[in-house]
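Colleague: For the record, the sequence lines run as chains A and B.
All residue numbers for the first sequence refer to the working numbering, where the first residue is 71 and numbers rise by one.
All residue numbers for the second sequence refer to the working numbering, where the first residue is 71 and numbers rise by one.
Cβ coordinates follow ideal geometry from the N, Cα and C atoms, glycine included.
2 protein chains.
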Amino acid sequence: MKWVNVLGGIVGAAALLGLGIILGHFAIPKGSYVPTPSIFQDLDLEILESIMQQLDASRIRENLRELSREPHLASSPQDEALVQLLLQRWRDPESGLDSAEASTYEVLLSFPSREQPNRVAVGDPTGNVLFSCRQSEQNLTGEQGGPDVVPPYAAYAPPGTPQGLLVYANQGTEEDFMKLQAQGIKLEGTIALTRYGGTGRGAKAVNAAKHGVAGVLVYTDPADINDGQSSTNETFPNSWRLPPSGVERGSYYEYFGDPLTPYLPANPSSFRLDPDTVSGFPPIPTQPIGFEDAKILLCQVNVSVYNRLELRNSSNVLGIIRGAVEPDRYVLYGNHRDSWVHGAVDPSSGTAVLLELSRVLGTLLKKGTWRPRRSIVFASWGAEEFGLIGSTEFTEEFFSKLQERAVAYINVDISVFGVSLRLNSPPGQIPAPSLGGLSIYDNWIRYFNRSSPVYGLVPSLGSLGAGSDYAPFIHFLGISSMDIAYTYDRSKTSARIYPTYHTAFDTFGYVDKFVDPGFSSHQAVARTAGSVLLRLSDSLFLPLNVSDYGETLRSFLQAAQQNLGVLLEQHSISLVPLVTAVEKFEGAAGALDQRISALQKATPDPLQVRMLNDQLMLLERTFLNPRAFPEERYYSHVLWAPRTGSVATFPGLANACSRAMNTSLGSPAWAEVQRQLSILVVALEGAAATLRPVADF
Amino acid sequence: MKWVNVLGGIVGAAALLGLGIILGHFAIPKGSYVPTPSIFQDLDLEILESIMQQLDASRIRENLRELSREPHLASSPQDEALVQLLLQRWRDPESGLDSAEASTYEVLLSFPSREQPNRVAVGDPTGNVLFSCRQSEQNLTGEQGGPDVVPPYAAYAPPGTPQGLLVYANQGTEEDFMKLQAQGIKLEGTIALTRYGGTGRGAKAVNAAKHGVAGVLVYTDPADINDGQSSTNETFPNSWRLPPSGVERGSYYEYFGDPLTPYLPANPSSFRLDPDTVSGFPPIPTQPIGFEDAKILLCQVNVSVYNRLELRNSSNVLGIIRGAVEPDRYVLYGNHRDSWVHGAVDPSSGTAVLLELSRVLGTLLKKGTWRPRRSIVFASWGAEEFGLIGSTEFTEEFFSKLQERAVAYINVDISVFGVSLRLNSPPGQIPAPSLGGLSIYDNWIRYFNRSSPVYGLVPSLGSLGAGSDYAPFIHFLGISSMDIAYTYDRSKTSARIYPTYHTAFDTFGYVDKFVDPGFSSHQAVARTAGSVLLRLSDSLFLPLNVSDYGETLRSFLQAAQQNLGVLLEQHSISLVPLVTAVEKFEGAAGALDQRISALQKATPDPLQVRMLNDQLMLLERTFLNPRAFPEERYYSHVLWAPRTGSVATFPGLANACSRAMNTSLGSPAWAEVQRQLSILVVALEGAAATLRPVADF
């Protein structure tokens with residue numbers, strides 16, 4: 071479709087800032103191949119290129135077909151069958167890894183009742199049912215029917231059968247409800263109809279309940295997902311757009327990880343909270359519906375939610391390639407496995423790429439051609455859709471080991487969001503599928519860029535929220551993390567996300583026909599992610615550019631000065647210590663870059679390399695402070711914790727300022743601003759100290 | 071004096087458990103000397119022995135004389151003069167270190183008023199003063215007079231002038247006040263007279279205030295400190311015993327670190343709490359007195375406390391020897407510098423040893439004879455007496471760097487508690503001064519031992535509380551720590567501590583005449599601490615024995631099973647996961663020991679050594695959980711956090727059990743028991759995971 075052009079881009083990488091720069095260097099002269107890895111061996115560019123060439127679009131397509139053949143909701147038999155598929159692939163004698171194991175956690179999930187389907191109906195005052203919403207999506211391709219397609223529901227919403235007048239509450243934000251109240255609309259006992267977007271899923275019910283609302287409906291608005299198109303002939307299976315009956319499922323839990331075992335792995339013996347006392351579940355019954363139904367709802371509505379909580383076994387699968395030289399340095403690469411229904415895009419497009427990449431590397435490994443310098447850990451996470459559960463439990467169980475040894479975490483969940491064209495490419499370059507042979511780097515920089523004082527125009531990276539399994543790695547453990555995907559051209563569509571997201575229409579046929587015919591975008595993601603993985607696992611010096619981090623700090627500082635400077639000055643709070651700390655970081659980062667350059671020209675001894683790499687690896691850890699945001703579960707990273715405002719700056723400082731703004735001088739809220747500023751200054755000073763020469767204590 | 075025989079022992083080392091074993095190996099055949107350190111160089115036993123021989127008792131004596139010549143209360147001009155002395159020594163061209171710097175924090179200290187001395191007086195009901203306590207100690211040696219001898223006071227006790235009937239409240243524990251109340255004694259508005267011991271200094275006032283007590287006096291009972299002797303001819307200067315006028319000063323602050331900047335370094339720009347809202351200060355006026363006065367106090371007492379809080383600059387001094395091979399691995403060795411008065415024993419006996427050790431090492435360094443494999447950081451901490459302030463601020467400021475790189479922290483504060491005899495010793499052995507040529511090891515094992523299932527009888531180590539500057543290192547940062555001292559024979563005296571502790575009688579003459587004439591015990595401490603330091607900084611493999619840690623865990627487990635097993639079973643809480651975790655730790659530790667042995671026989675490559683040492687170094691870190699004890703400021707170590715009960719077992723579990731014991735099934739207190747058990751299991755599993763082969767994720 072002409073209006074949805076394709077774009078190669080990398081979305082939402084936080085901390086591997088330097089990699090962007092490095093990805094552009096595909097023209098570096100190739101080194102000669104040394105078959106036996108030694109402790110002096112750097113990344114072998116010939117092997118890298120060979121791997122790039124072997125990553126095969128048609129194999130990714132076959133992977134995706136197999137992965138998305140059946141619905142595979144977390145902990146379902148089909149999900150477990152995929153665990154076996156992964157184990158079989160990763161234990162294959164010809165293309166498997168060194169070892170692969172599944173590990174299982176017992177976690178609290180939420181499902182609709184089979185016996186009593188959730189129901190949304192319109193009644194008249196005497197109780198007659200005038201209209202009932204669909205209880206499942208329309209079976210348009212033969213894949214939306216059958217017992218394994220979970221009906222649309224809001225996971226973790228409590229059961230209940232509220233009824234009341236319907237009130238349209240826009241996105242269900244705090245502001246939306248305040249406006250309704252200001253207009254004199256009685257909210258007590260009503261059913262709020264809200265649309266997806268603007269705030270988290272569960273937050274809509276939290277906001278609603280504060281005003282006495284009895285139940286919440288959430289629908290997907292065609293304006294938000296289909297650029298306004300809503301008729302059947304304009305939507306799937308006639309285009310990639312969401313059909314009228316499509317309903318976005320999702321987890322309505324506020325936090326992530328198993329709800330019963332915060333900060334503890336959900337092993338059978340672990341202490342579990344009483345489910346009745348768990349915080350973070352929606353306070354009132356909530357149900358998602360399609361826009362077809364949403365536009366009919368007008369008056370008195372009955373909502374019947376029969377969701378129930380169940381303790382289920384959910385598996386992660388881990389596949390390992392042992393490092394030849396530094397086996398105690400782990401480069402992690404993962405994606406979740408579970409889907410709401412078939413999940414062809416989310417998450418199988420990522421897993422299909424993962425399997426192709428592990429096949430190519432496994433084959434080299436089994437042939438004895440190659441073994442990485444550092445260990446590679448491939449992961450297939452369980453129960454992500456319910457709140458990043460598998461990955462979070464993993465970080466809780468292996469907290470110490472990961473903090474000590476993890477170099478980086480690469481996440482490829484939805485690998486391709488948008489349509490692509492297939493193109494031939496000159497050898498040695500990764501093509502950006504739709505853009506006439508531009509390299510990934512050139513394509514990337516074309517759509518997402520920023521101006522660097524050092525390098526000029528460079529690709530820009532988004533920041534990492536909690537949208538996929540990278541969240542516990544970056545926020546809880548302080549491990550440099552990256553999320554990679556090809557997305558669509560946002561100048562051509564305003565879709566909030568790809569339209570069939572979390573619906574029964576996210577199928578293999580949808581991907582094959584509309585998202586990436588020919589799978590060249592998938593192949594490009596495989597090459598991009600593979601290249602990042604290889605560079606992290608094989609480079610003598612870790613490809614982490616600390617000066618880029620300095621640029622981010624500088625931009626955060628400037629934003630703080632511009633947006634908060636006057637306010638802080640009025641309250642006699644000086645930003646000078648923060649300025650000094652940023653300057654120290656920049657100085658230490660620049661000097662470290664020079665030391666690396668100098669060492670690269672010499673023949674560094676292996677311990678010198680290791681010491682320097684430890685500085686690079688542990689930099690991200692220095693930004694963690696578990697006491698910084700005690701109210702924000704799992705968030706300890708002082709730079710990437712959630713921000714309430716829209717300005718890209720230091721989150722703790724910005725949030726504290728926005729809370730203090732309307733309080734009086736000397737209030738606890740202003741003390742908290744000062745505390746947050748000190749926490750930040752100490753973290754930045756600590757980060758700078760980590761980058762300085764190790765012998766200068 | 072016959073009844074105070076001497077004993078060589080090491081008190082209170084927690085985590086360097088393996089070193090005990092290693093200290094016994096002084097008879098290992100000597101290696102040949104390699105002048106240029108290479109990455110394969112192990113500890114050179116010839117150099118070690120040469121260092122042992124050069125540690126000179128008479129120089130230690132001279133150091134002590136100089137250090138304790140004048141009172142040097144934290145932040146006083148005399149304390150600052152000692153900062154200059156340390157800098158001069160550590161920058162000496164012939165015996166200095168690579169570099170030395172002082173760094174200053176601005177911290178909240180507490181002092182008595184010069185204008186209005188604190189006063190304790192007995193009055194009759196009409197207000198006439200019948201008797202006044204001494205406001206300073208008797209000037210017995212000419213050193214107890216003068217403006218620089220701070221009068222006895224309770225640091226951080228609030229000012230106030232309460233008066234009321236005197237009630238004798240024993241040690242001022244919660245139990246003591248409960249007993250008085252049970253006897254029908256009215257406590258409201260009284261002055262409680264308590265003796266030192268049984269509970270922390272500040273806790274006496276906290277307990278008293280709960281019963282409405284208006285003021286607290288604390289005296290040193292001759293039964294606790296002088297084996298009952300109290301007359302002037304039986305006490306100093308006629309013996310080492312405390313004279314009647316002696317008063318123990320001390321900090322009455324409940325926590326440690328600067329009270330205004332918990333978890334933040336007390337840099338000028340750091341956020342500071344409002345002093346009026348600080349928790350942890352005694353709630354009511356409190357004053358220490360001597361036993362001479364204590365026995366006179368009988369009736370209505372007026373207490374006038376005029377202490378005031380002051381922000382002061384307090385310095386740490388750091389001296390560095392850069393490591394030749396692994397400069398990013400730090401072995402820290404420290405002691406505080408500040409004293410209450412002259413502080414000859416506390417802390418100058420430790421600093422005198424520190425200076426002698428740094429002189430000998432500095433001399434080798436300047437000659438080019440030796441440079442350690444790892445970096446050595448010598449530290450002289452400020453304001454320890456007020457609550458470990460200098461060391462705590464240091465750990466707050468360099469949190470990340472220390473967690474990443476510190477191998478161990480060695481503390482030598484009071485280096486010699488007791489009297490010693492001087493003996494000659496055969497070469498190559500460190501004599502235990504009073505015991506006829508027994509080695510330190512043999513002497514140690516004679517007085518403090520335990521039975522190891524692996525090694526048979528071995529020296530035993532105490533566990534580390536918060537008595538000196540090791541506390542923030544072990545509890546807050548999880549750095550393996552050790553406290554070394556020679557103490558007196560506890561079968562010969564029941565003194566709670568050496569008698570002149572924190573009084574104006576702790577002078578050079580006191581040490582020279584009574585504590586260690588000839589300074590051979592000081593020399594033995596220098597040799598012991600020096601040997602530990604060298605072994606940590608120079609050994610190819612870190613001398614940390616992880617199997618010994620396993621023995622501690624096993625003994626904690628057995629104690630838990632014996633003391634808590636039945637109770638837990640009654641509440642359906644199983645210890646099986648804990649048993650399994652301890653077994654996993656033991657298995658992993660044993661296997662690691664074997665790998666080290668095997669590697670030591672081969673020629674390990676430098677990265678293999680480094681990887682293994684990282685496992686050893688980071689083991690202690692795996693026991694940290696900042697969310698385990700949120701109420702216990704700075705305490706994050708799940709094995710060494712404070713325990714309320716007397717059984718040596720896992721503190722979190724034991725404390726939670728004792729709180730839950732009398733609550734009903736299903737109470738939050740029982741949930742907390744289960745949470746603590748899970749926290750412990752996860753920490754031990756994480757520790758075992760850190761010890762397992764690094765390539766087996």
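(1) Enumerated in chain order, which unbroken segments of the beta strand (DSSP E) with a length of 3 residues or greater are wholly contained in the stretch 163 to 214 of chain B?
(2) Between the Cα of residue 447 of chain A and those of A:515, A:553, A:583 and A:603, spot the shortest distance and give me the residue it belongs to.
(3) Using alpha carbons as the reference points, say which of B:736, B:751 and B:765 lies closest to residue 347 of chain A.
(4) On the three-state DSSP scale, how would you describe residue 380 of chain B?
(5) Using the Cβ count rule (16 or more neighbours within 10 Å means buried), how would you classify residue 766 of chain B?
(6) Just checking my contact of residue 449 of chain B with residue 388 of chain B at CB under 8 Å: how many whole Å lie between their CB atoms?
(7) Quick one: residues in its chain with C-beta nearer than 6 Å to the C-beta of residue 398 of chain A, no 5 flanking neighbours on either side, listed in chain order?
(8) Nearest to residue 380 of chain A by alpha carbon, out of A:394, A:453 and A:421?
(9) Would you list, in sequence order, the uninterrupted beta strand (DSSP E) runs of no fewer than 3 residues that lie entirely inside the stretch 316 to 392 of chain B?
(10) Pair every Cβ in the stretch 121 to 134 of chain B with every Cβ in the stretch 333 to 353 of chain B, then say whether three or more of these pairs are closer than 8 Å.
(11) What is the C-beta distance between residue 628 of chain A and residue 645 of chain A, in whole angstroms, given that I count them as a contact (C-beta under 8 Å)?
(12) Could you confirm whether any beta carbon from chain B is found closer than 9 Å to the beta carbon of residue 330 of chain A?
(13) I'd like to know whether the C-beta of residue 768 of chain B is nearer than 9 Å to at least one C-beta of chain A.
(14) So, are the CB atoms of residue 140 of chain A and residue 333 of chain A less than 9 Å apart?
(15) At 8 Å on the CB atoms, spell out the chain A contacts of residue 759 of chain B, in chain order.
(16) Less than 8 Å between the CB atoms is what I'm expecting for residue 554 of chain B and residue 480 of chain B, so what's the real figure, rounded?
(17) Mind listing the chain B neighbours of residue 658 of chain A? Cutoff is C-beta to C-beta under 8 Å, in chain order.
(18) Near residue 445 of chain A, which residues of its chain fall below 6 Å by C-beta distance, leaving aside the five closest residues on each side in sequence?
(19) Would you check if the stretch 322 to 341 of chain B and the stretch 588 to 607 of chain B touch, i.e. whether three or more CB-CB distances between them fall below 8 Å?
(20) State yes or no: is the C-beta of residue 440 of chain B within less than 9 Å of the C-beta of residue 406 of chain B?
(21) Suppose you measure from the CA of residue 614 of chain A to the CA of residue 662 of chain A; what does that come to, to the nearest Å?
(22) Cutting at 8 Å between CB atoms, please list the residues of its own chain near residue 527 of chain A, excluding the five before and the five after it.
(23) Where in the stretch 555 to 608 of chain A do unbroken runs of the beta strand (DSSP E), each at least 3 residues long, occur, reported from the N-terminal end onward?
(24) One question on the structure: do residue 260 of chain B and residue 284 of chain B come within less than 9 Å of each other, judged by their Cβ atoms?
(25) Residue 756 of chain B to residue 763 of chain B, Cα distance in whole Å?
(26) Spatial neighbours of residue 201 of chain A within its chain, please: CB distance less than 7 Å, with the 5 preceding and 5 following residues excluded, ordered by chain position.
(27) Taking DSSP as the reference, what is the three-state secondary structure of residue 135 of chain B?
(28) Using a Cβ cut-off of 7 Å, pull out every chain B residue sitting near residue 346 of chain A, in sequence order please.
(29) Would the stretch 265 to 282 of chain A and the stretch 167 to 178 of chain A be scored as touching if the rule is three or more Cβ pairs under 8 Å?
(30) Anything in the stretch 374 to 392 of chain B with a Cβ closer than 7 Å to a Cβ of chain A? List those residues in chain order, please.
(31) Select from A:267, A:382 and A:587 the residue whose C-alpha is nearest the C-alpha of residue 291 of chain A.
(32) Return the chain-ordered list of same chain residues with a C-beta closer than 8 Å to the C-beta of residue 357 of chain A, the five sequence neighbours on each side being excluded.
(33) Just to make sure I have the definition right: I need the residues of chain B whose C-beta is within less than 8 Å of the C-beta of residue 396 of chain A. Which are they?
(34) Give the DSSP bridge partners of residue 405 of chain B, in chain order.
(35) Classify residue 769 of chain B as buried or exposed, calling it buried when 16 or more other Cβ atoms lie within 10 Å of its own Cβ.
(36) What first and last residue would you give for the alpha helix (DSSP H) that runs through residue 749 of chain B?
Modeller: Let me lay it out:
(1) Fully enclosed beta strand (DSSP E) runs of 3 or longer: 169 to 181, 189 to 193 and 199 to 202.
(2) The residue with the shortest Cα to Cα distance from residue 447 of chain A is A:603.
(3) Comparing Cα-Cα distances from residue 347 of chain A to each of B:736, B:751 and B:765, the minimum goes to B:736.
(4) Note: residue 380 of chain B maps to strand in three-state DSSP.
(5) Residue 766 of chain B is exposed by the Cβ-count criterion.
(6) The pair is a contact, with the Cβ atoms about 5 Å apart (cut-off 8 Å).
(7) Excluding positions up to five away in sequence, the list reads 475.
(8) In terms of CA proximity to residue 380 of chain A, A:453 leads the group A:394, A:453 and A:421.
(9) Entirely contained in the stretch 316 to 392 of chain B, the beta strand (DSSP E) runs reaching 3 residues are, in chain order, 356 to 359, 370 to 374 and 378 to 391.
(10) They do not touch, by the three-pair rule.
(11) Residue 628 of chain A to residue 645 of chain A, Cβ: 11 Å. No contact.
(12) With a threshold of 9 Å between beta carbons, residue 330 of chain A makes no contact with chain B.
(13) Since the first residue of chain B shown is 71 and the last is 767, residue 768 of chain B is not available in this structure.
(14) No, they are not a contact pair.
(15) Near residue 759 of chain B (Cβ distances below 8 Å), the residues of chain A are 468, 470 and 471.
(16) Rounded, the Cβ-Cβ distance is 7 Å, consistent with contact.
(17) What residue 658 of chain A touches in chain B: nothing, since even the nearest Cβ is about 12 Å away.
(18) 392, 393, 397 and 400, listed in sequence order.
(19) Judged by Cβ distances under 8 Å, the stretch 588 to 607 of chain B makes no contact with the stretch 322 to 341 of chain B, as fewer than three pairs qualify.
(20) Going by C-beta atoms, residue 440 of chain B is not nearer than 9 Å to residue 406 of chain B.
(21) If I take the Cα positions, the gap works out to 11 Å.
(22) Take residue 527 of chain A, set aside five residues on each side of it, and the residues of its chain with a beta-carbon closer than 8 Å to its own are 515, 519, 520 and 521, in chain order.
(23) None, since the stretch 555 to 608 of chain A contains no complete beta strand (DSSP E) of that length.
(24) In contact: residue 260 of chain B and residue 284 of chain B (Cβ atoms closer than 9 Å).
(25) So the two alpha carbons sit approximately 13 Å from each other.
(26) Cβ within range, chain order: 191, 192 and 366.
(27) Three-state DSSP puts residue 135 of chain B in a helix.
(28) Within chain B, no residue comes near residue 346 of chain A; the closest Cβ sits about 12 Å away, beyond 7 Å.
(29) Remark: fewer than three beta-carbon pairs, one from each stretch, lie closer than 8 Å, so the stretch 265 to 282 of chain A and the stretch 167 to 178 of chain A are not flagged as touching.
(30) Interface annotation for the stretch 374 to 392 of chain B against chain A: 388, 390 and 392, criterion Cβ-Cβ distance under 7 Å.
(31) The shortest CA-to-CA distance from residue 291 of chain A to any of A:267, A:382 and A:587 is the one to A:267.
(32) Short of 8 Å from the beta carbon of residue 357 of chain A, and not among the five residues preceding or following it, lie these beta carbons of its own chain, in chain order: 188, 190, 222, 223, 224, 227, 285, 286, 287, 288, 373 and 375.
(33) By Cβ distance, chain B contributes 677 and 681.
(34) Per the DSSP secondary-structure output, residue 405 of chain B pairs in a beta bridge with B:450.
(35) With chain B represented from 71 up to 767, any question about residue 769 of chain B goes unanswered, as that position is not in the structure.
(36) Here the alpha helix (DSSP H) through residue 749 of chain B covers 738 to 761.
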